[in-house]
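Residue numbers (this note's numbering): 195 to 269.
Okay, structure first, notes after.
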Ligand code: FES
């Protein structure tokens, strides 16, 4: 999946997830370790219940790593 100015809507299972915060992951929206040495850490999120989540791709959400609709103001 490629990072874009829109959310990645993905099906997640319950458990701890690490989402990319640096924008360099080849496995976006998940962290692949590409942030190493950048001073940026991935978002650690505990998904309490399996289901769909929308991960922000535009970087403007106030609820990172989740989309809050802020990308709509970019179009
Ligand atoms: S992608 Fe929706 S707020 Fe960033």
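The C-beta atom is built at its ideal place from N, Cα and C for all residues, glycine as well.
Selected residue, minimal CA-CA separation from residue i, among the options
{"i": "residue 218", "options": "235, 245, 261, 247", "result": "235"}
{"i": "residue 231", "options": "244, 197, 208, 216", "result": "216"}
{"i": "residue 213", "options": "205, 263, 226", "result": "226"}
C-beta atoms of residue i and residue j nearer than 9 Å
{"i": "residue 241", "j": "residue 203", "result": "no"}
{"i": "residue 222", "j": "residue 258", "result": "no"}
{"i": "residue 263", "j": "residue 198", "result": "no"}
Simplified DSSP assignment, three categories, for residue i
{"i": "residue 218", "result": "coil"}
{"i": "residue 254", "result": "coil"}
{"i": "residue 141", "result": "Residue coverage of the chain in this structure runs from 195 to 269, which leaves residue 141 outside it and unanswerable."}
{"i": "residue 203", "result": "strand"}
{"i": "residue 151", "result": "Here the chain covers residues 195 to 269 and nothing more, so residue 151 does not appear."}
{"i": "residue 209", "result": "strand"}
{"i": "residue 247", "result": "strand"}
Whole-angstrom C-beta distance between residue j and residue i, which should lie under 8 Å
{"i": "residue 246", "j": "residue 208", "result": "Not a contact, Cβ separation roughly 13 Å."}
{"i": "residue 261", "j": "residue 255", "result": "6 Å"}
### Message
Strictly closer than 6 Å from CB to any heavy atom of the ligand FES: give me those residues in the order they appear in the chain.
### Response
That gives 200, 201, 250, 251, 252, 254, 255, 261, 262, 263, 264, 265.
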